[in-house]
Ligand SMILES: [Zn+2]
Ligand SMILES: [Zn+2]
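Numbering (UniProt numbering), first residue to last: 1 to 330.
Here it is in C-alpha cells:
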C-alpha cells in the first residue's frame, strides 16, 4: 500500500470522509464533511492537528466538494485529542461555525487545553509518581509544549448530551458516550443505516490507547470495557473510524477481540506485580518489552497504569508509596 489512498470517501448521502495527514505513526486522521442540505447544516466532524499539511488537505477536500472554510456552519468533535481537535479554533474563527462536544468532554479534556499551563506540573508529577525515569521526564515538558502549539481550542464549545439526536446527511443520529480512550468520547449512531461514527473508540489494526493521566476519570479501562460491551451490542454494519479507515466493518468481532486483549494484559500485570512489586513504569517495561521512542514509552506507562489501577479498584492489586513513587504489589 502506498499513500495513494483516496482523499475523499463517500459515506452516506452528503457525508464524506477525508483522510488528513498527521505527523503520528497512524499517518492520517479522518475528518468528516457533510455538505449539508435542506435539513442539515454544513458540518465537519473532527478537525485534525494544526499543521500546514493538514490545513492544506482540508482546504483541498473542501474545494473538491465545492466548499470553502467560511461555509462550515457546525463542527462536532469526537474527543479532545490534538489530532481531532487541533484546528477547531481556527475553523471557528474563519467560519463562525458553532463547535460541539459531549458535555463530559467539555468539562474535562477540552478544559485541559484552556487550563494547560496550570495543569502541566500536575501532569509531570503524575508521570514521576508512577516511575517515569529522569531522562524521560526531562523531555516531557518540551514535547508537551510542542504538542500544545498544534492545538487551537475553540473560544466557545456547546454541549451535546448522551441520548440527544443530531441531524447529519439528512438523517437522525443518536449521540453516544463512549468513554475509555477519552473521558467524554462521543459517537454518533444511525440505527436505520446501522452506521456508527466512532472516532477512536474502536480502531482496526491498533488498540486505542487507554491511558490513565493526572486529569482523567479514575478508571479509564473500566470505562472502556463497558464501551466495548456497548459497541458489541450495537453491532453496527459499518463504523467510520479516526485512523486506519476511514471505515471498518466487523465492529462486533473487533470489540470482542479488544476485550480479550485487555483481559490478557490484566492477567499479565496481576502476575507480574504479584511476583515482583514495581512501579507502573517498571511494569510497562515488561508489558511493552520492545523499542519505543520517548513518547511511546509515556503512552506505554499511561496504558499500563490504567490496567494496574483497574486491578487495584477491583481489589486484586494494592499499591504502596516507596522512595518517591507508587509501587504496585499483590
Ligand atoms: Zn484519540
Ligand atoms: Zn486519534
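Glycine is no exception: its CB is placed at the ideal position from the N, C-alpha and C atoms.
Predicted model, so just to flag it, every value in this text is computed and none were measured.
What residue does the alpha helix (DSSP H) around residue i start on, and which one ends it?
{"i": "residue 294", "result": "294–313"}
{"i": "residue 93", "result": "88–95"}
{"i": "residue 135", "result": "134–148"}
{"i": "residue 174", "result": "Run containing residue 174: none in the alpha helix (DSSP H); it sits in the beta strand (DSSP E), 171–177."}
{"i": "residue 252", "result": "251–275"}
{"i": "residue 212", "result": "Neither: residue 212 is in no alpha helix (DSSP H) and is coded neither H nor E."}
{"i": "residue 282", "result": "280–287"}
Taking the alpha carbon of residue i as the reference point, which residue from the options has its own alpha carbon closest?
{"i": "residue 288", "options": "269, 148 and 28", "result": "269"}
{"i": "residue 283", "options": "221, 293 and 328", "result": "328"}
{"i": "residue 206", "options": "233, 78, 179 and 255", "result": "255"}
{"i": "residue 225", "options": "137, 307, 240 and 163", "result": "307"}
{"i": "residue 229", "options": "178, 279 and 81", "result": "178"}
{"i": "residue 68", "options": "95, 47 and 210", "result": "95"}
{"i": "residue 248", "options": "204, 76 and 176", "result": "204"}
{"i": "residue 70", "options": "41, 78 and 82", "result": "41"}
{"i": "residue 62", "options": "240, 111 and 7", "result": "7"}
{"i": "residue 141", "options": "221, 120, 233 and 198", "result": "120"}
{"i": "residue 47", "options": "80, 65 and 39", "result": "80"}
{"i": "residue 184", "options": "200, 171, 196 and 173", "result": "200"}
{"i": "residue 83", "options": "151, 39 and 57", "result": "151"}
{"i": "residue 58", "options": "77, 87 and 38", "result": "87"}
{"i": "residue 241", "options": "202, 274, 64 and 323", "result": "202"}
{"i": "residue 298", "options": "123, 198, 168 and 77", "result": "123"}
{"i": "residue 129", "options": "171, 85, 213 and 74", "result": "213"}
{"i": "residue 331", "options": "108, 292, 180 and 280", "result": "Since the displayed the chain opens at 1 and closes at 330, residue 331 lies outside it and no answer follows."}
{"i": "residue 198", "options": "244, 89, 154 and 170", "result": "244"}
{"i": "residue 236", "options": "222, 246 and 252", "result": "252"}
{"i": "residue 325", "options": "92, 125, 65 and 168", "result": "125"}
{"i": "residue 22", "options": "49, 223, 134 and 222", "result": "49"}
{"i": "residue 162", "options": "153, 169, 231 and 174", "result": "174"}
Locate the beta strand (DSSP E) running through residue i, then write down its first and last residues.
{"i": "residue 10", "result": "8–12"}
{"i": "residue 98", "result": "98–102"}
{"i": "residue 334", "result": "Because the chain is modelled from 1 through 330, residue 334 falls outside the range shown and cannot be assessed."}
{"i": "residue 158", "result": "157–160"}
{"i": "residue 120", "result": "Element bounds for residue 120: not the beta strand (DSSP E) but the alpha helix (DSSP H), 116–129."}
{"i": "residue 167", "result": "165–168"}
{"i": "residue 320", "result": "318–322"}
{"i": "residue 85", "result": "Unbroken run through residue 85 is the alpha helix (DSSP H), 82–85; no beta strand (DSSP E)."}
{"i": "residue 327", "result": "325–329"}
{"i": "residue 199", "result": "195–199"}
{"i": "residue 17", "result": "15–21"}
Is residue i near ligand 2, going by C-beta to nearest heavy atom under 7 Å?
{"i": "residue 81", "result": "yes"}
{"i": "residue 242", "result": "yes"}
{"i": "residue 20", "result": "no"}
{"i": "residue 84", "result": "yes"}
{"i": "residue 200", "result": "yes"}
{"i": "residue 104", "result": "no"}
{"i": "residue 29", "result": "yes"}
Measuring only from the beta carbon, is residue i closer than 7 Å to any heavy atom that is part of ligand 1?
{"i": "residue 239", "result": "no"}
{"i": "residue 182", "result": "yes"}
What do you reckon, is the C-beta of residue i under 7 Å from a heavy atom of ligand 4?
{"i": "residue 277", "result": "Ligands displayed in this structure: ligand 1 and ligand 2; ligand 4 is not among them."}
- Query: Where are the alpha helix (DSSP H) runs, 4 residues long or more, that stay fully inside the region 25–75, in chain order?
  - Reply: 52–64
- Query: Between the region 137–152 and the region 178–197, are three or more C-beta pairs nearer than 8 Å?
  - Reply: They do not touch, by the three-pair rule.
- Message: Count Cβ pairs between the region 25–38 and the region 6–17 that sit closer than 8 Å; are there 3 or more?
- Response: yes
- Message: Counting beta carbon pairs with one atom in the region 111–122 and one in the region 256–267, are three or more of them shorter than 8 Å?
- Response: When C-beta atoms of the region 256–267 are compared with those of the region 111–122, fewer than three pairs fall below 8 Å, so the two segments do not count as touching.
- Query: What are the complete alpha helix (DSSP H) segments, minimum 4 residues, inside the region 215–240?
  - Reply: 220–234
- Message: Between the region 53–67 and the region 206–220, can you find at least three pairs of beta-carbon atoms closer than 8 Å?
- Response: no
- the region 99–109 contacting the region 156–175, beta-carbon criterion three pairs below 8 Å: Taking 8 Å as the limit for Cβ pairs, the verdict is that the region 156–175 does touch the region 99–109.
- Task: Would you be able to state if there are at least three C-beta pairs under 8 Å between the region 213–227 and the region 309–322?
- Result: yes
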